[in-house]
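Residue numbers (UniProt numbering): 1 to 232. Cβ atoms here follow ideal geometry from the backbone N, Cα and C, with glycine treated the same way.
Below is the structure:
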C-alpha cells in the first residue's frame, strides 16, 4: 500500500473558502480501490470499486452487461431523476438476470442543492441496501446520471455511517477511487451534518437497543421515497 496526503480548498459561492485538513489516504498499489494514479478521461463513463462489493458510476454502466456479470453486481441502486426511471427499467431488464437482479430506486428531487435532492433518511436506506447486498455475498452499484454527484454523496454517506469516516475522509476516499467526483461546499456541509447525525445516533445507541435488521420483501415501498423491486 502507498499513501497520498491531500490538502484541498473549496471556494464557496459567497467568496469564502472551505479548507480540508490534511488526511492520508491509503492507495492500493495494484489499483484495486483506486484509479487515481492512472485516471483517464474515459474512466468517467465506467464504474469504480470504492469498497468491498461496492461500485460507483454513471447510469451508462447499465449498458455494460459483461461488467455487471463479471463483478457479480446484483443490486442496482439508482439515484437518477425519477423521469429517467423508465430508462433504468429498460436497461436493467436487458441485462437478462431476471429475479436475481434487484433494482432500488431512490426518489430524488430535481434541485440545485444535494439537501433538496435526497434526504438523510434515504442515505441510511441506501446504506442498508449496500449492507444487505454484501451480506448476500453480491456486489452493488450505486449510480446517478454522471456518477459524480448524488451517487458519490450517497456512497460517502455510507462510509460515514459504516466505517466511522468523517465527511472529509469519506469524500476524499470516494474521490481517490473516482477522480471525476464533484463535491461543492453545499455537499460538504450536508455530509458533515449527516456525520453529526450518525455520531449522535451512535452516542445514544447501546447494545441492548440494537434491533436485528429484517430482510425486505421484493417490491416493498418505502414512505421516504425509496422503492425496491426485482427484475422479471
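For this session: Write down the C-beta distance between residue 106 and residue 62 rounded to the nearest angstrom, noting that I regard them as a contact closer than 8 Å.
Result: Position 106 of the chain shown holds residue 106. Position 62 of the chain shown holds residue 62. No, residue 106 and residue 62 are not in contact; Cβ-Cβ is about 15 Å, not under 8 Å.
For this session: Kindly list the residues whose CB is nearer than 7 Å to the CB of residue 153, restricted to its own chain and excluding five residues on each side of it in sequence; keep chain order.
Result: Reading the chain shown from its first residue, position 153 is the one you call residue 153. Only 114, 187, 191 meet the Cβ criterion.
Exercise. Would DSSP call residue 48 helix, strand or coil?
Worked result: Within the chain shown, the letter at position 48 stands for residue 48. Three-state result, residue 48: strand.
Exercise. Who pairs with residue 57 in a beta bridge, going by DSSP?
Worked result: Walking along the chain shown from the start, residue 57 turns up at place 57. Residue 57 pairs with 143.
Exercise. In whole angstroms, what is the alpha-carbon distance linking residue 66 and residue 97?
Worked result: Here residue 66 is taken as the residue at index 66 of the chain shown, counted from 1. Here residue 97 is taken as the residue at index 97 of the chain shown, counted from 1. Residue 66 and residue 97: Cα-Cα distance of roughly 12 Å.
Exercise. DSSP state of residue 163, grouped into three classes?
Worked result: Residue 163 sits at position 163 when you count from the first residue of the chain shown. Note: residue 163 maps to helix in three-state DSSP.
For this session: Tell me the start and end of each unbroken alpha helix (DSSP H) in the stretch 82 to 119 that is at least 4 residues and wholly inside, in chain order.
Result: 85 to 93, 114 to 117
Exercise. Is residue 183 helix, strand or coil when you go by DSSP?
Worked result: For the purposes of this step, residue 183 is taken as residue 183 along the chain shown, with counting starting at 1. Three-state result, residue 183: coil.
Problem set entry | Distance between residue 178 and residue 150 (C-alpha atoms, nearest Å) | Numbered from 1 along the chain shown, position 150 holds the residue referred to as residue 150. Numbered from 1 along the chain shown, position 178 holds the residue referred to as residue 178. C-alpha separation (whole angstroms): 13 Å.
Exercise. Whole-angstrom Cβ separation of residue 139 and residue 74, contact assumed at under 8 Å?
Worked result: Taking the first residue of the chain shown as 1, we reach residue 139 at position 139. Taking the first residue of the chain shown as 1, we reach residue 74 at position 74. That belief holds up - the Cβ atoms of residue 139 and residue 74 are roughly 7 Å apart, short of 8 Å.
For this session: Pick helix, strand or coil for residue 155, following the three-state DSSP scheme.
Result: For the purposes of this step, residue 155 is taken as residue 155 along the chain shown, with counting starting at 1. Here residue 155 sits in helix by DSSP.
For this session: Identify, in the order they occur along the chain, each residue of the same chain with its Cβ nearer than 7 Å to the Cβ of residue 182, setting aside the five sequence neighbours on each side.
Result: Taking the first residue of the chain shown as position 1, residue 182 is located at position 182. Excluding positions up to five away in sequence, the list reads 148, 149.
Problem set entry | Whole-Å CB distance - residue 129 paired with residue 77, under 8 Å assumed | Translated into the one-based positions of the chain shown, residue 129 becomes position 129. Translated into the one-based positions of the chain shown, residue 77 becomes position 77. Right, the Cβ-Cβ distance comes to about 6 Å (below 8 Å), so this counts as a contact.
Problem set entry | Residue from 103, 109, 146 with nearest C-alpha to residue 132 | For the purposes of this step, residue 132 is taken as the residue at position 132 of the chain shown. The residue with the shortest Cα to Cα distance from residue 132 is 103.
Problem set entry | Chain-order list of residues whose beta-carbon lies under 7 Å from that of residue 158 (same chain, five-residue window excluded) | For the purposes of this step, residue 158 is taken as residue 158 along the chain shown, with counting starting at 1. The answer, listed in chain order, is 126, 127, 130.
For this session: Mind checking who residue 199 pairs with in its DSSP beta bridge?
Result: Walking along the chain shown from the start, residue 199 turns up at place 199. None; residue 199 has no bridge partner.
Exercise. Between residue 143 and residue 59, which are expected to be in contact by the criterion C-beta below 8 Å, what is the C-beta distance as a whole number of angstroms?
Worked result: Along the chain shown, one-based indexing puts residue 143 at 143. Along the chain shown, one-based indexing puts residue 59 at 59. So it is a contact: roughly 5 Å between Cβ atoms.
For this session: Look up residue 178 in the DSSP assignment and say whether it is helix, strand or coil.
Result: Taking the chain shown and counting its residues from 1, one reaches residue 178 at position 178. In the structure shown, residue 178 sits in coil (DSSP, three-state: anything other than H, G, I, E or B).
Exercise. What separation, rounded to the nearest whole angstrom, lies between the Cα atoms of residue 70 and residue 162?
Worked result: If you number the chain shown from 1, residue 70 lands on position 70. If you number the chain shown from 1, residue 162 lands on position 162. Looking at the two C-alpha atoms, the distance is approximately 26 Å.
Exercise. Under a Cβ-count criterion, where at least 16 other Cβ atoms within 10 Å of its own Cβ denotes burial, should residue 137 be classed as buried or exposed?
Worked result: In the chain shown, counting from the first residue as 1, residue 137 sits at position 137. Exposed, since its Cβ has fewer than 16 Cβ neighbours within 10 Å.
Problem set entry | Anticipated Cβ contact below 8 Å, residue 47 with residue 141, distance rounded | On the chain shown, position 47 is the one that residue 47 refers to. On the chain shown, position 141 is the one that residue 141 refers to. Sure, about 6 Å apart at Cβ, within 8 Å.
For this session: Kindly identify the DSSP beta-bridge partner or partners of residue 76.
Result: Along the chain shown, one-based indexing puts residue 76 at 76. Partner(s): 103, 141.
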